[in-house]
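Working notes, beginning with the structure itself.
In the UniProt record's numbering, the protein residues as written are 1 to 237.
If you want it as structure tokens, here you go:
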């Protein structure tokens with residue numbers, strides 16, 4: 001624990017802006033990317049409490065655009081922070097013909113380009129095992145809660161806050177908190193981090209339950225061991 005305290009933290013001030021350069025970009029699917037940004041030194045950690053998120057800030061078309069994202073990396077990772085982000089392209093969704101300003105900006109970033117990070121932000125803190133701190137609002141002190149079983153519902157890239165928590169709990173042998181996740185997507189191809197989720201469900205069958213629901217499921221059976229598909233009648237509305 002002492003060595004952890006000596007690690008330099010990137011996010012020292014939640015209101016300050018920290019420019020971080022893009023060092024890797026990986027295509028995960030037709031519209032999803034993993035972006036890796038470099039921290040100030042190879043020894044730095046981001047300094048993000050489990051349950052919190054960061055904001056990205058960029059000036060786009062003479063307008064300051066701010067968006068919230070939860071990294072898929074953690075403070076066990078030194079020297080970098082990873083984000084998995086779905087790109088909302090122009091002229092794809094009829095209701096949003098201009099697409100997403102921030103996501104298209106990220107898509108067009110080149111290796112070495114920088115973007116501002118700000119944080120930590122958020123009202124949820126996981127202190128483990130099962131110990132939560134929940135702020136009624138951004139300015140209040142967190143109220144302590146104890147949970148033995150966490151229910152999670154996520155859609156699309158909304159899986160990232162859940163993944164942050166699932167990883168943290170399942171890698172801690174002393175944490176027996178149970179988790180149940182319903183993960184909703186448009187199609188099978190849209191399911192992010194599927195292999196990892198199913199591996200966790202397989203290796204932690206008494207701790208982690210996984211269900212999928214799809215708007216447009218394939219005709220053939222496609223479920224892997226450890227996962228369950230919800231039928232239309234079972235979906236949440």
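All C-beta atoms, glycine included, are put in the ideal place defined by N, C-alpha and C.
On a predicted model such as this, the values are computed, not experimentally measured, just so you know.
Asked, Found
"For residue 44, three-class secondary structure by DSSP", "coil"
"Buried versus exposed, by CB contacts within 10 Å (16 or more), residue 140", "exposed"
"Cut-off 6 Å between Cβ atoms - residues of its own chain near residue 182, not counting five sequence neighbours on either side", "153 and 211"
"Simplified DSSP state of residue 106, which is helix, strand or coil", "helix"
"For residue 219, the nearest candidate out of 198, 194 and 188 (CA to CA)", "188"
"Spatially closest choice to residue 79 from 149, 146 and 11, by CA coordinates", "11"
"Residues bridged to residue 55 [DSSP beta-bridge criterion]", "68 and 118"
"Cβ contact (3+ pairs, closer than 8 Å) linking the segment 40-49 and the segment 100-115", "no"
"Residue 122 vs residue 53 beta-carbon contact at 7 Å", "yes"
"Proximity winner among 184, 186 and 167, relative to residue 178 (alpha-carbon distances)", "167"
"Inter-residue Cα distance where the pair is residue 34 and residue 109", "12 Å"
"Beta-carbon spacing of residue 130, residue 146 below 7 Å", "yes"
"Residue 8 and residue 61 closer than 7 Å at C-beta", "no"
"DSSP bridge partner residues for residue 209 (one or two, in chain order)", "180"
"Boundaries of the beta strand (DSSP E) in which residue 132 is found, first to last residue", "131-134"
"Range of the contiguous beta strand (DSSP E) that encloses residue 111", "Premise fails: residue 111 is in no beta strand (DSSP E) and is neither H nor E."
"Pick from 114, 63 and 170 that is closest to residue 40, judged by C-alpha positions", "114"
"Given residue 29 as reference, the closest of 118, 135 and 157 once Cα atoms are compared", "157"
"Whether residue 72 touches residue 84 by CB criterion (7 Å)", "yes"
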